[in-house]
Structures are given as C-alpha cells and as structure tokens.
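For what it's worth, the working numbering labels the leading residue of the sequence shown as 19, then goes sequentially.
Where is the CB? At the ideal position from N, CA and C, for every residue including glycine.
Read through the structure below, which is laid out as structure tokens, and then see the notes.
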Amino acid sequence: MGKLSPLASASATRAVLEAHGLTAKYSLGQNFLVNDAILQKIVALAEVAPVDTVLEVGPGIGTLTMALLQHAGRVVSVERDPDLPAVLAETLAPWADRFALVQKDALDLTVDDLRDALGRLDAPETAPGKLVANLPYAVAATVVLDYFERFPSLGSATVMVQKEVADRMAAVPGTKNYGAYTVKLRLYAEPAGRFGVGPGNFFPPPRVESAVLRLDRRPLCGAGGEPLAASTLKAAATMADAAFANRRKTLSNSCKTYFASRGAQGARIAAALPQLLEQAAVDPKIRGEALALEDFIRLGTELETLGA
19 MGKLSPLASA
29 SATRAVLEAH
39 GLTAKYSLGQ
49 NFLVNDAILQ
59 KIVALAEVAP
69 VDTVLEVGPG
79 IGTLTMALLQ
89 HAGRVVSVER
99 DPDLPAVLAE
109 TLAPWADRFA
119 LVQKDALDLT
129 VDDLRDALGR
139 LDAPETAPGK
149 LVANLPYAVA
159 ATVVLDYFER
169 FPSLGSATVM
179 VQKEVADRMA
189 AVPGTKNYGA
199 YTVKLRLYAE
209 PAGRFGVGPG
219 NFFPPPRVES
229 AVLRLDRRPL
239 CGAGGEPLAA
249 STLKAAATMA
259 DAAFANRRKT
269 LSNSCKTYFA
279 SRGAQGARIA
289 AALPQLLEQA
299 AVDPKIRGEA
309 LALEDFIRLG
319 TELETLGA
C-alpha cells in the first residue's frame with residue numbers, strides 16, 4: 019500500500035501550520051498524527067469502504083481525513099477550532115466534492131448538522147455509518163457514548179483515545195477498569211479490535227500512551243427477541259451509576275446512598291431497593307464490579323416498574 023497521507027510527518031505538519039501562522043493548541047488537545055503506518059492500520063481496522071459515509075471528529079489539518087477520503091465514499095468532519103477550516107479547504111481541496119465540514123463543538127453536533135453537511139454533497143438522505151477519529155482526549159469518552167446514543171445510523175466507532183480510556187471502554191467485569199462508563203457504553207456497543215500507539219507517532223508528542231479501539235454497535239434484545247426500549251437502556255444506565263457510586267460499598271449500600279440523595283423520587287426508590295434487587299435476582303451483598311451487563315439490564319427493567 020502506498021502512502022495514504024503526505025501530511026503524515028512532523029515536517030509536513032509543521033510546514034502546514036507555519037504556512038497558516040498556527041501552532042498546536044494544547045487547550046484543544048491538538049496532537050497531530052505523523053505516522054502513515056498508523057493511518058493505514060486505522061483505516062484497515064475500521065474497514066472503510068467506498069460505500070461508507072464516515073463521521074470524523076477533530077480533523078486537525080486533515081491528515082486522517084485525507085486517508086479516509088481515499089477509501090470512503092464521503093467524509094463529514096466536525097471541528098471547533100476556527101483557525102482550521104481555511105487549512106482544511108487547502109489540504110483537502112482535491113476531495114471537495116466528497117468532504118463536508120461542520121464548524122462547531124463535537125458535543126453540540128446534531129442530526130440536522132449532519133443532514134445539512136451531506137446535503138452540500140448532494141447526499142441528504144445518507145447518514146454516517148462509521149465514526150473514525152483521532153479524538154481530542156478531554157472529550158473522547160463522552161463523545162463515543164453520546165454518539166452511540168444519539169446517532170442510530172452509526173454502526174461502529176474506530177477511535178484513537180488515551181490508553182486508559184480504551185482500557186475503560188474494553189474492560190470486563192471484575193477488573194479495576196470496569197465501571198459505570200463501561201456498562202453504559204456496553205449497552206450500545208462492544209469492542210472489536212485494538213492496537214497501541216506510542217507518543218512518538220504524534221506532533222507534538224502527548225505525555226500519555228494512546229490506543230485505537232474499534233467498537234461495534236450491538237442492539238440488545240429482551241427475552242422475546244424485541245429490541246430493548248430507550249427507556250430501559252436509560253434505566254440500566256442509572257443503575258450502573260448507582261452501583262458504582264461507591265465502589266467499596268456493597269451493591270445495596272452504594273445504590274441506597276446514590277438514590278437517597280436524589281429528592282423524593284430517589285428516596286422512594288431507595289426504600290424499595292430490597293424488593294428491586296430481589297426481583298432482579300441480584301445479590302445485594304456483592305459489589306457493582308461483579309455484575310455483568312445482563313444484571314444491569316434486569317436492574318434497569320425493575321427500576322422502570324417503579325416509574326423511575
């Protein structure tokens with residue numbers, strides 16, 4: 019395979035930034051990928067194909083975007099740095115008919131933003147099926163969970179994140195990295211591949227180890243085979259927050275503390291916890307980290323019956 023992106027070197031990245039009078043902004047978590055071999059591994063792990071519409075967050079100067087455009091049908095990128103649209107218009111000019119930019123904070127992105135962007139590419143009825151991004155580390159965990167929740171068209175996310183975040187995303191019950199975030203993400207998606215990326219692959223080098231993780235959407239179904247309702251998923255997420263509110267406490271005590279501090283409705287749930295746990299067939303004396311995803315779904319189902 020030939021080189022995917024001529025921008026994937028420290029010298030090329032520095033030259034583009036200097037040409038526009040820019041430097042990497044630590045406040046925005048800008049660490050530009052400068053190893054083409056890593057780009058090739060990302061595109062391969064994501065299985066990007068010409069039929070795909072890819073969503074990217076934090077395109078920077080277009081290094082990964084350029085690689086994606088050589089494999090995908092079209093790419094929509096979201097960038098909050100007001101200095102970068104002019105750079106992207108230049109670096110991605112050869113693909114202007116297949117690339118659209120949304121200028122806003124990734125956490126504020128809406129379905130309408132995506133529709134408008136794709137409309138500019140004469141593809142308004144198309145929705146992104148894959149998220150592929152070198153994510154700003156400060157918002158990486160939030161973006162991945164939020165997008166799986168809010169953009170049902172996304173079938174997978176292949177993202178560069180801080181190694182510790184990848185550990186949380188891929189954790190299994192009974193381990194120190196397994197927590198409420200892991201459970202909430204697992205309600206929507208499961209890990210499907212991973213590789214590590216050292217600091218030397220970026221300009222400037224971050225002070226942390228990184229990892230690229232692929233997550234595939236996996237719709238959860240009830241006993242009758244029907245997809246779980248959004249309300250059930252939300253209730254299961256609430257039970258995950260409650261179970262891990264205090265990791266050192268038993269499930270019963272952690273949940274009681276969590277709900278007791280949440281007004282009249284929370285107090286009502288706290289009082290009903292013994293029955294809720296019994297109905298869900300979950301031992302109140304174990305800790306949250308011992309519970310599997312199926313346990314949290316049963317707990318969420320029972321929480322729903324309380325009108326929560």
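- Remark: C-beta atoms of R92 and K122 do not approach each other more closely than 8 Å.
- Here K148 carries a strand assignment [DSSP, helix/strand/coil].
- In this structure, V177 is the residue among A104, Q297, V177 with its C-alpha nearest to the C-alpha of L73.
- Short of 7 Å from the beta carbon of V190, and not among the five residues preceding or following it, lie these beta carbons of its own chain, in chain order: Y196.
- S272 is positioned such that its CB atom lies closer than 8 Å to that of G306.
- D70 counts as buried, since at least 16 other C-beta atoms from the protein chains shown sit within 10 angstroms of its C-beta.
- Taking the Cα of V201 as reference, the smallest distance to any Cα among F220, M257, S171, P146 is reached at M257.
- At a Cβ-Cβ threshold of 8 Å, V150 and V66 count as neighbours.
- Remark: C-beta atoms of L317 and A254 approach each other more closely than 8 Å.
- For E108, the enclosing alpha helix (DSSP H) starts and ends at 102-109.
- Annotated three-state conformation of P209 is strand, per DSSP.
- The continuous alpha helix (DSSP H) containing Q58 extends over residues 54-64.
- When rounded, the separation of the alpha-carbon atoms in L136 and L87 is 14 Å.
- Sixteen is the threshold: when 16 or more other Cβ atoms of the shown chains lie within 10 Å of the Cβ of L35, as they do, the residue is buried.
- Counting only residues of its own chain and dropping the five nearest sequence neighbours on each side, G281 has no CB closer than 6 Å to any other CB.
- By the criterion of at least three beta-carbon pairs nearer than 8 Å, the segment 209-228 is not in contact with the segment 164-172.
- At the C-beta level, V162 and L203 come within 8 Å of one another.
- Taking each of P209, D234, L205, V96 in turn and checking the Cα distance to A184, the smallest one comes out for P209.
- Per DSSP, reduced to three states, the secondary structure at P217 is helical.
- V179: member of the beta strand (DSSP E) spanning 174-180, first to last residue.
- Beta-bridge partners assigned by DSSP to L51: F220.
- In this structure, F277 sits near A288, with a CB-CB distance shorter than 8 Å.
- If you look at V34, you'll find it isn't in any beta strand (DSSP E); it sits in the alpha helix (DSSP H) that goes 28-37.
- Taking R232 as reference, the option from K59, G214, A64, L51 with the minimal CA-CA separation is A64.
- In the three-state reduction of the DSSP assignment, P245 falls in the strand class, which pools E and B.
- Of the candidates G240, S23, P292, G192, the residue whose Cα lies closest to the Cα of H89 is S23.
- T193 sits in coil when the DSSP states are folded into three classes, being neither helix nor strand.
- Counting along the chain, the unbroken beta strand (DSSP E) around F117 starts and ends at 117-121.
- Residue state for V69 is assigned as coil, using DSSP reduced to three classes.
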